[in-house]
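Shown next, in structure tokens, is the structure this report addresses.
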Amino acid sequence: MSQDGAWAWFRLLEQADITSISERELELRFNVDGGTMRYRLFANGAPNPFTRPLASGFQLPSALYADRGSDADQT
Numbered sequence: 001m002s003q004d005g006a007w008a009w010f011r012l013l014e015q016a017d018i019t020s021i022s023e024r025e026l027e028l029r030f031n032v033d034g035g036t037m038r039y040r041l042f043a044n045g046a047p048n049p050f051t052r053p054l055a056s057g058f059q060l061p062s063a064l065y066a067d068r069g070s071d072a073d074q075t
């Protein structure tokens, strides 16, 4: 399991089963090669930005820069 690029961390999170343990702690579970890999994600302060639906409904773009096309100024 791997992701590359600027959005890699968020793409990995999309693949996880996420359980909120507390206001500051999450458990991330990934199914890998027939087994389960678990991580605990802690935030120093509360609330943990990953426990709130800050990005619910947000979809990552396929690229950070728009394709300008062949007629765009290439300066």
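Counting in the UniProt record's numbering, the sequence shown runs from 1 upward without gaps.
Note that beta-carbon positions come from the ideal geometry of N, C-alpha and C, so glycine has one too.
By Cβ distance, which residues of its chain are closer than 7 Å to residue i, with the 5 residues on each side in sequence left out?
| i | result |
| --- | --- |
| Ala16 | Leu28, Arg29, Phe30 |
| Gln3 | Arg11, Leu12 |
| Val32 | Met1 |
Identify, in the order they occur along the chain, each residue of the same chain with its Cβ nearer than 6 Å to the Cβ of residue i, setting aside the five sequence neighbours on each side.
| i | result |
| --- | --- |
| Ile21 | Glu27 |
| Thr19 | Glu27 |
By Cβ distance, which residues of its chain are closer than 8 Å to residue i, with the 5 residues on each side in sequence left out?
| i | result |
| --- | --- |
| Glu25 | Arg40, Leu41, Phe42, Ala43, Asn48 |
| Thr75 | Residue confidence is low: Thr75 scores 49 on pLDDT, short of 50, so the model does not pin down where it sits. No coordinate-derived value is stated. |
In this structure, how does DSSP classify residue i when only helix, strand and coil are distinguished?
| i | result |
| --- | --- |
| Glu27 | strand |
| Leu60 | coil |
| Ser42 | The sequence given here has Phe at residue 42, not Ser. The answer is strand: DSSP assigns Phe42 an E or B state. |
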